[in-house]
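Visitor: Mind having a look at this structure? Questions to follow.
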Amino acid sequence: MPATVSFTLKQARRLALAAQGFDGRLSPASVQPSRLNRLIERLGILQIDSVNALVRSHYLPLFSRLGHYNRDLLDQAAWSQGRRRTLFEYWGHEASLLPVAMYPLMRWRMARAARGEGIYQQLARFGQEQQDVIHRVLQAVWDQGAIGAGSLSTRQEKAGPWWDWSAEKHALEWLFAAGEVTVAGRRGFERLYDLPERVLPDSVLRQPLPDEAQAQRALLIHAAEALGVATEKDLRDYFRLSPADSRERLAELEEAGELLRCQVEDWKQPAWCRPSVKIPRKVAASALLSPFDSLVWERSRTERLFDFRYRLEIYTPVHKRVYGYYVLPFLHNERIAARVDLRAERAVGQLAVHAVHEEEAGLDEEGMLALATNLRRMANWLGLERVQLNCGKASGVRLAVALAQIEAD
């Protein structure tokens, strides 16, 4: 079927940036819980990651869009009790925080997980073979309330490397995937599990459940609104739908007029957008992006939109790294203009800049000032006294000059 709408690449970038919430920052006094929640509802999802080289990843997308905000607001939304709790954890993209209103849209995925579908094979096999352990652990959660896997473990031997889980941890993760338990809070970064009815609002749990097709259509519409314009792969990746489900639902949404087929300059695959989509005249945003920001997490889309090839090198041996350990893309004036290797050195109160790599077009003086300003703001937000430059080369020298200029101002 031919495309009915076409966009230039510049228009597609503006659509994507606006859809992702890069439309201006507010002063710290203006970032109230309602503003935070509206932004998360707009994105639909925040990916969680355990790496804390700078700050936990789920905090960064909000800073990139809002500027300085109190991280306690996100903690309250994610893990407090009562009315302040507006988010829940589940496998949305990867491990994710989602608005509680989207809980019914994930119930089909939980039902599949209970059948051993759509989860890791090892976990599915555990669910089939270890129901006695699962029932024992579920009873413990019922009896004791919010509890971590470490409190239940009966293993005597020392734990091995990653994913060497105890039987009780496997049981909790199976119960979590199946929706039998949810995350009530965190102790450090350890999940504390409890029954959904003791954590989530009754108004959400009592909602009529959409069937699989209805839920998947709603997720694709949300993805389209959060992405602006997107291919089928982009749309399905946002909430990790399967190709078969995504393609069938996408055809239904197109036929119903909920999504419009379109073409983007230089994209080989067709794309889709909402009928009400509006192209901004410009998006004047500068931001350091989490490696797990929803603007860039689908790497092939990032290349198509920004001509920016991005790979995280945390697990790459040091001698094989090209850019560094924890590298953040720097968005400036509708392009990703550089990448910056950052670390929060909390013990000495500094934000350490280990490398700055400009893209081919480079950063002009205004762009380097914008980067310096973002680094200074990030240091302030993280409670770090100074920005420490540990990078040489021309980019490091220019950044040092820009930092000195903003400090003087």
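The sequence shown begins at 1072 in my numbering and counts up one residue at a time. Virtual Cβ for every residue (Gly too), placed ideally from N, Cα, C. In this text the structure is predicted, and so the values were computed from the model without any measurement.
1. Would you be able to state if there are at least three C-beta pairs under 8 Å between the segment 1314–1330 and the segment 1282–1299?
2. Tell me whether residue 1377 sits in a helix, a strand or coil according to DSSP, three-state version.
3. Tell me which same chain residues have a C-beta within less than 6 Å of the C-beta of residue 1102, skipping the five on either side of it?
4. For residue 1152, write down the residues that DSSP places opposite it in a beta bridge.
5. If I follow the unbroken beta strand (DSSP E) through residue 1407, where does it start and stop?
6. Kindly list the residues whose CB is nearer than 7 Å to the CB of residue 1112, restricted to its own chain and excluding five residues on each side of it in sequence; keep chain order.
7. Between the C-alpha atoms of residue 1190 and residue 1246, what's the straight-line distance to the nearest angstrom?
8. Around the Cβ of residue 1079, are there at least 16 other Cβ atoms within 10 angstroms (buried) or fewer (exposed)?
9. Using the rule of at least 16 other Cβ atoms within 10 Å of the residue's Cβ for burial, across every protein chain shown, is residue 1393 buried or exposed?
10. Thinking just about the alpha-carbon of each residue, which of 1428, 1361, 1094 is nearest to the one in residue 1408?
11. Compare the C-alpha of residue 1243 against each of 1385, 1114, 1210 and name the closest.
12. Going by DSSP, name the residue or residues bridged to residue 1302.
13. Over the uninterrupted alpha helix (DSSP H) stretch that includes residue 1438, give me the two end residues.
14. Go through its chain and collect everything with a Cβ distance to residue 1350's Cβ below 7 Å, but skip five positions before and after it.
15. So within the segment 1267–1318, which uninterrupted alpha helix (DSSP H) runs reach at least 4 residues, ignoring any that extend past its ends?
16. Give me the Cβ distance between residue 1091 and residue 1114, rounded to the nearest whole Å; I'm assuming they're in contact under 8 Å.
17. Residues in its own chain within less than 8 Å of residue 1334 by CB, not counting five upstream and five downstream?
18. In whole angstroms, what is the alpha-carbon distance linking residue 1271 and residue 1356?
19. Mind the definition here: the segment 1249–1258 touches the segment 1157–1165 only if three or more C-beta pairs lie below 8 Å; say whether that holds.
20. Once DSSP output is grouped into helix, strand and coil, what is the label at residue 1124?
21. Relative to the C-alpha of residue 1312, which residue among 1337, 1391, 1330, 1284 is closest?
22. Using a Cβ-Cβ distance cut-off of 9 Å, determine whether residue 1079 contacts chain B.
23. Tell me whether the beta-carbon of residue 1414 lies closer than 9 Å to the beta-carbon of residue 1396.
24. Evaluate residue 1093 with the Cβ neighbour count: other Cβ atoms within 10 Å of its Cβ, from every protein chain shown; 16 or more gives buried, anything less gives exposed.
25. DSSP three-state label for residue 1265, please.
26. Would you tell me roughly how many angstroms separate the C-alpha atoms of residue 1307 and residue 1278, rounded to the nearest one?
Guide: So, from the data block:
1. Flag = yes, the segment 1282–1299 and the segment 1314–1330 touch.
2. In the sequence shown, the residue the question calls residue 1377 occupies position 306. Helix, per DSSP.
3. Residue numbering aside, residue 1102 sits at position 31 when the sequence shown is read from its first letter. In chain order, 1137, 1140 place their CB closer than 6 Å to the CB of residue 1102, counting only its own chain and leaving out the 5 sequence neighbours on each side.
4. In the sequence shown, residue 1152 corresponds to position 81, counting from 1. DSSP lists no partner for residue 1152.
5. To locate residue 1407, count along the sequence shown from 1; it is residue 336. Where residue 1407 is concerned, the enclosing beta strand (DSSP E) stretches over 1406–1416.
6. Taking the first residue of the sequence shown as position 1, residue 1112 is located at position 41. Non-local beta-carbon contacts of residue 1112 in its own chain, meaning distances under 7 Å to residues more than five positions away in sequence, involve 1170 in chain order.
7. As a working note, residue 1190 is residue 119 in the sequence shown. As a working note, residue 1246 is residue 175 in the sequence shown. A straight-line Cα-Cα distance of about 12 Å links residue 1190 and residue 1246.
8. The count along the sequence shown starts at 1 and reaches residue 1079 at position 8. The residue in question, residue 1079, is exposed, as its Cβ has fewer than 16 Cβ neighbours within 10 Å.
9. For this step, residue 1393 is matched to residue 322 along the sequence shown. In summary, residue 1393 is exposed, with fewer than 16 beta-carbon neighbours lying within 10 Å of its beta-carbon over all protein chains present.
10. Position 337 of the sequence shown, counted from the start, is the residue given in the question as residue 1408. When only C-alpha atoms are compared, the closest one is 1428.
11. Residue numbering aside, residue 1243 sits at position 172 when the sequence shown is read from its first letter. Checking every option, the nearest Cα to that of residue 1243 belongs to 1210.
12. Within the sequence shown, residue 1302 is the residue found at index 231, counting from 1. Per the DSSP secondary-structure output, residue 1302 pairs in a beta bridge with 1342.
13. Within the sequence shown, residue 1438 is the residue found at index 367, counting from 1. Run containing residue 1438: 1436–1452, per the alpha helix (DSSP H) assignment.
14. The residue you call residue 1350 lines up with position 279 of the sequence shown. In the same chain as residue 1350, and ignoring 5 residues on each side of it, the C-beta atoms closer than 7 Å to its own belong to 1082, 1085, 1086, in chain order.
15. Within the segment 1267–1318, the complete alpha helix (DSSP H) runs of at least 4 residues are 1273–1276, 1283–1298, 1303–1309.
16. For the purposes of this step, residue 1091 is taken as residue 20 along the sequence shown, with counting starting at 1. For the purposes of this step, residue 1114 is taken as residue 43 along the sequence shown, with counting starting at 1. Confirmed, Cβ separation roughly 7 Å.
17. To locate residue 1334, count along the sequence shown from 1; it is residue 263. Short of 8 Å from the beta carbon of residue 1334, and not among the five residues preceding or following it, lie these beta carbons of its own chain, in chain order: 1074, 1076, 1077, 1078, 1341, 1342.
18. Here residue 1271 refers to the residue found at position 200 of the sequence shown. Here residue 1356 refers to the residue found at position 285 of the sequence shown. Straight-line Cα distance between these residues: approximately 36 Å.
19. Yes: at least three Cβ pairs fall under 8 Å.
20. Start at 1 with the first residue of the sequence shown, and residue 1124 comes out as number 53. Note: residue 1124 maps to coil in three-state DSSP.
21. Within the sequence shown, the letter at position 241 stands for residue 1312. Of 1337, 1391, 1330, 1284, the residue nearest in Cα terms is 1284.
22. This model lacks chain B altogether, as it is built from one protein chain only.
23. One-based indexing of the sequence shown puts residue 1414 at position 343. One-based indexing of the sequence shown puts residue 1396 at position 325. Here residue 1414 is near residue 1396, since their CB atoms are less than 9 Å apart.
24. What you label residue 1093 is simply residue 22 of the sequence shown in a count that begins at 1. Under this definition residue 1093 is a buried residue.
25. One-based indexing of the sequence shown puts residue 1265 at position 194. Residue state, collapsed to three classes: strand.
26. For the purposes of this step, residue 1307 is taken as the residue at position 236 of the sequence shown. For the purposes of this step, residue 1278 is taken as the residue at position 207 of the sequence shown. Take the alpha-carbon of residue 1307 and the one of residue 1278: they are about 25 Å apart.
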